[in-house]
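Visitor:
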Amino acid sequence: MSRKYFGTDGIRGRANGTITPELAMKVGQATGMVFEHGEHRHRVVIGKDTRLSGYMIEYALVAGFTSVGMDVLLLGPVPTPAVAMLTRSMRADVGVMISASHNAYEDNGIKLFTADGYKLSDEVQARIEAILDGEVKLRLAKSADIGRARRVDDAKARYIEFAKRTLPRQLSLEGLRIVVDCANGAAYKVAPEALWELGAEVFSLGVDPDGLNINRDVGSTAPAALAHKVREMRADIGIALDGDADRVLIVDEKGHLVDGDQLMAVIAQSWKDDGLLAKPGIVATVMSNLGLERYLEGLGLSLARTAVGDRYVLEHMREHGYNLGGEQSGHIIMSDYSTTGDGLVAALQLLSVLKRVGRPVSEVCQRFEPLPQILKNVRTSTQALKDDHVVKAIDAARAKLGKNGRLVIRPSGTEPLIRVMGEGDDHDLVESVVDDICEAIAKPSIAAE
119 MSRKYFGTDG IRGRANGTIT PELAMKVGQA TGMVFEHGEH RHRVVIGKDT
169 RLSGYMIEYA LVAGFTSVGM DVLLLGPVPT PAVAMLTRSM RADVGVMISA
219 SHNAYEDNGI KLFTADGYKL SDEVQARIEA ILDGEVKLRL AKSADIGRAR
269 RVDDAKARYI EFAKRTLPRQ LSLEGLRIVV DCANGAAYKV APEALWELGA
319 EVFSLGVDPD GLNINRDVGS TAPAALAHKV REMRADIGIA LDGDADRVLI
369 VDEKGHLVDG DQLMAVIAQS WKDDGLLAKP GIVATVMSNL GLERYLEGLG
419 LSLARTAVGD RYVLEHMREH GYNLGGEQSG HIIMSDYSTT GDGLVAALQL
469 LSVLKRVGRP VSEVCQRFEP LPQILKNVRT STQALKDDHV VKAIDAARAK
519 LGKNGRLVIR PSGTEPLIRV MGEGDDHDLV ESVVDDICEA IAKPSIAAE
């Protein structure tokens, strides 16, 4: 369903461009109105990552929520999954995370959670947008009913204890040398501390945020620094989080990258062996490698695919009763523990397996050989996908791949890009068909002649 403000992961854009204080205040007012129910004193929790613009947006949201009578609990810099968890545990009516995830500091965004910690449905988003656009009249609180705002001092400690409790009580990470890269983002305090409290020897990267360096050459989107540090410190594992810590990638002891598909394979087999899978399968997106699907089939497990976006993975999980799902990019959702992707908790699940089997990450996390997969982006309008010659180019590419490969062509949910992904047993063929499609999209006037 098309939305004016909401994308695949909340409202996101350039700070002081798309995301202005005025918009943030209106979002607070509109969301407060939508979540008003009953006569109790309503409350909202607000967390953020470390972007400079977070202060501006935070206080604008506070003005919006308090103006419609909601009390505000400010969590400070905490991961997105911490906001989802604390929304539930603190009995808030709504939760807000101020973050643009893996984007550079110039961008920011507003993610919203319901009282049970889940992201908003299309219907709720539509109700908020109707108020933002003036289709529904704004109702401000009476002077005596204006909300109050206060800081929550123990938010980080609450989340650390929650993350630790997802592991068996007696499990210790003693003896493990871990490098954790927090992307100068929301987990820069909680992730190193949680790992240290569990007994690990911890070396930290990306823990010096200055408001401008979030995700800059660090984190899950830039793992080269982590790989170098793992080799330098002769660590057992590297853990790379993104700016809001809802995704994670792993680096093995040799400095090689382990993506979300391999992580899901490890956790799926571990949970299968322990009888923890709610259903004999997991949920992933159309971007997950065909090698993962084949590996799971060998275990007697299925792979259900959804559109790209952890929100769609979670919706399928809830609707069909799965308790494990995720994305190749590192969003791992374990619904027994969390209502959204949680990079730290996913890493802890892997560390639990490592301690149990006593083998290096390079062996534990190489569950299948990925098929050649090529992803290229074309910066253009999504309208290009409707051009006849582009449609013909895509049909021709699918015919060339046949049953030995897949194509996924989709517009980005956050940028004016068309993403073209090809996958198959023959690398050269995959690269050729992806290039053909990208050329058709990028030069429609020439291609049409």
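Numbering (this note's numbering), first residue to last: 119 to 567.
Note that beta-carbon positions come from the ideal geometry of N, C-alpha and C, so glycine has one too.
Once DSSP output is grouped into helix, strand and coil, what is the label at A358?
Guide: The count along the sequence shown starts at 1 and reaches residue 358 at position 240. Of the three classes helix, strand and coil, the one that applies to A358 here is strand, per DSSP.
Visitor: Got a sec, what are the start and stop residues for the alpha helix (DSSP H) F280 sits in?
Guide: On the sequence shown, position 162 is the one that residue 280 refers to. Run containing F280: A273 to K282, per the alpha helix (DSSP H) assignment.
Visitor: I'd like the ranges of any alpha helix (DSSP H) spanning at least 4 consecutive residues and lying wholly in the region 438-523.
Guide: Within the region 438-523, the complete alpha helix (DSSP H) runs of at least 4 residues are 461-475, 479-482 and 506-519.
Visitor: Mind reading off the beta-carbon distance from V162 to M203? Whole number of angstroms is fine, and I expect it under 8 angstroms.
Guide: What you label residue 162 is simply residue 44 of the sequence shown in a count that begins at 1. What you label residue 203 is simply residue 85 of the sequence shown in a count that begins at 1. V162 to M203, Cβ: 15 angstroms. No contact.
Visitor: Would you list, in sequence order, the uninterrupted beta strand (DSSP E) runs of no fewer than 3 residues that lie entirely inside the region 163-220?
Guide: Qualifying beta strand (DSSP E) stretches, in chain order: 189-195 and 212-216.
Visitor: Have a look at A358 and G303 and give me their C-alpha separation to the nearest angstrom.
Guide: The residue you call residue 358 lines up with position 240 of the sequence shown. The residue you call residue 303 lines up with position 185 of the sequence shown. Taking the straight line joining both Cα atoms gives about 11 angstroms.
Visitor: Between the alpha carbons of A386 and N407, how many angstroms are there, rounded?
Guide: Stepping through the sequence shown from its first residue, residue 386 is reached at position 268. Stepping through the sequence shown from its first residue, residue 407 is reached at position 289. Going from the Cα of A386 to the Cα of N407 covers about 15 angstroms.
Visitor: Is it the case that the Cβ atoms of V366 and G461 are separated by a distance below 8 angstroms?
Guide: As a first step, residue 366 is located in the sequence shown; it is residue number 248 there, counting from the start. As a first step, residue 461 is located in the sequence shown; it is residue number 343 there, counting from the start. Yes; because the gap between Cβ atoms is below 8 angstroms, this pair is in contact.
Visitor: May I have a chain-ordered list of the beta strand (DSSP E) segments no shorter than 3 residues that lie completely inside the region 271-342?
Guide: Taking only runs of at least 3 residues, the beta strand (DSSP E) segments lying wholly in the region 271-342 are 295-299 and 319-323.
Visitor: Using C-beta distances below 7 angstroms, list every residue in its chain close to R497, excluding the 5 sequence neighbours before and after it, in chain order.
Guide: Stepping through the sequence shown from its first residue, residue 497 is reached at position 379. P534 and L535.
Visitor: Can the beta-carbon of I129 be found closer than 8 angstroms to that of G172?
Guide: Position 11 of the sequence shown holds residue 129. Position 54 of the sequence shown holds residue 172. Taking 8 angstroms as the Cβ cut-off, I129 and G172 do not qualify as a contacting pair.
Visitor: So M405 packs on V426, CB below 8 angstroms; how close in whole Å?
Guide: In the sequence shown, counting from the first residue as 1, residue 405 sits at position 287. In the sequence shown, counting from the first residue as 1, residue 426 sits at position 308. 6 angstroms between Cβ atoms; contact.
Visitor: Quick one: grab the DSSP three-state call for G128.
Guide: Within the sequence shown, the letter at position 10 stands for residue 128. If DSSP states are grouped into helix, strand and coil, G128 belongs with the strands.
Visitor: So which of E411, S261, A383 and A222 has the shortest CA-CA distance to L330?
Guide: Taking the sequence shown and counting its residues from 1, one reaches residue 330 at position 212. Of the candidates E411, S261, A383 and A222, the one whose C-alpha sits nearest the C-alpha of L330 is A222.
Visitor: In or out: A517 buried (at least 16 other Cβ within 10 Å) or exposed?
Guide: Indexing the sequence shown from 1 puts residue 517 at position 399. A517 should be labelled exposed.
Visitor: Any chance the region 483-496 sits against the region 370-386, with 3 or more Cβ pairs inside 8 angstroms?
Guide: These segments touch.
Visitor: Does the contact criterion of 3 or more C-beta pairs under 8 angstroms hold for the region 288-304 versus the region 152-170?
Guide: Yes: at least three Cβ pairs fall under 8 angstroms.
Visitor: How would you write the range of the beta strand (DSSP E) that D64 sits in, first residue to last?
Guide: It is not possible to answer for residue 64, since the shown part of the chain is limited to 119 through 567.
Visitor: Check E154 in the structure and name its three-state DSSP category.
Guide: For this step, residue 154 is matched to residue 36 along the sequence shown. In this structure, E154 counts as coil in the three-state DSSP scheme.
Visitor: Scan the region 361-429 and note each continuous beta strand (DSSP E) run of 3 residues or more that stays entirely inside, going in chain order.
Guide: With a minimum length of 3 residues, the continuous beta strand (DSSP E) runs that stay inside the region 361-429 are 366-369, 399-403 and 420-424.
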